[in-house]
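Okay, structure first, notes after.
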Amino acid sequence: MRPTKGKGPVKKDTKEALKPVEDKVGKRKAVSNVSKSSKRQATKAKPAKKDPNKPKRPPSAFFVFLEEFRKTYKLEHPNNKAVSAVGKAGGEKWKSLSPAEKAPYEAKAAKRKTEYEKVMTSYNKKQESVDDENDEESDKSKSEVSGEDDEKSEEEDEDDDDE
DNA sequence: GACCTGATTGTTAGG
DNA sequence: CCTAACAATCAGGTC
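For the first sequence, this note's numbering assigns the number 1 to the initial residue and increments by one for each residue that follows.
Printed below as a string of structure tokens:
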């Protein structure tokens, strides 16, 4: 009983149009509700776009924490096989974490965003020069971003005196 | 064999 | 200002 077309890019029912928004503002809890009704969460459901270098959104602090959490969770629950379990456990744990604990994760997320901005710049550039799409391949290793040297300074300045 | 779904929160960009 | 959607993961489920 497949709810929608198996291969189709998640075709939602007309209900979505009937009830696009029903909850109040602020609480994204409704989103969960929507996922059940419309289920438009993340997945691969793009109509096919031509993106030279898809600038995927940087993982939020929660995701950064989750990445590590997943490993730990698996170690403690090798039998478990539900992604949702990690999500739930991670979500609760995340809220349980102190701001100081999330600080390092947020810092990482912030860095991710910086990189994302850079990628977006390139992405925007490509989009602008649609004429060069032909040369894009041969030229890509040349122009691109000029400052691509090894400038990796992992500065970990954490002054956790928040508490 | 291939593609989608679930669940968590945060961030991001557009209207 | 607010809304909608998407970011990872991974195995199960369906065609």
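For each residue, glycine too, the CB sits at the ideal point set by N, CA and C.
Note that this is a predicted model, so its numbers are computed, not measured.
Where residue i sits in the DSSP three-state scheme
i	result
serine 60	coil
proline 104	helix
lysine 113	helix
lysine 74	helix
serine 82	Going by the sequence as given, residue 82 is alanine instead of serine. Coil at alanine 82, not helix or strand.
lysine 54	coil
Residues near residue i in its chain [Cβ-Cβ closer than 6 Å; skip 5 each side]
i	result
valine 86	Arg70 and Tyr73
glutamate 106	Ala61
leucine 66	Gly90
Span of the alpha helix (DSSP H) around residue i
i	result
serine 98	No alpha helix (DSSP H) holds serine 98; DSSP gives it neither H nor E.
Proximal residues to residue i (C-beta, below 7 Å), its chain only, five neighbours per side dropped
i	result
lysine 113	Pro58
For the region 101 to 119 against the region 57 to 70, do three or more pairs of beta-carbon atoms, one drawn from each stretch, fall closer than 8 Å, so that the two count as touching? yes
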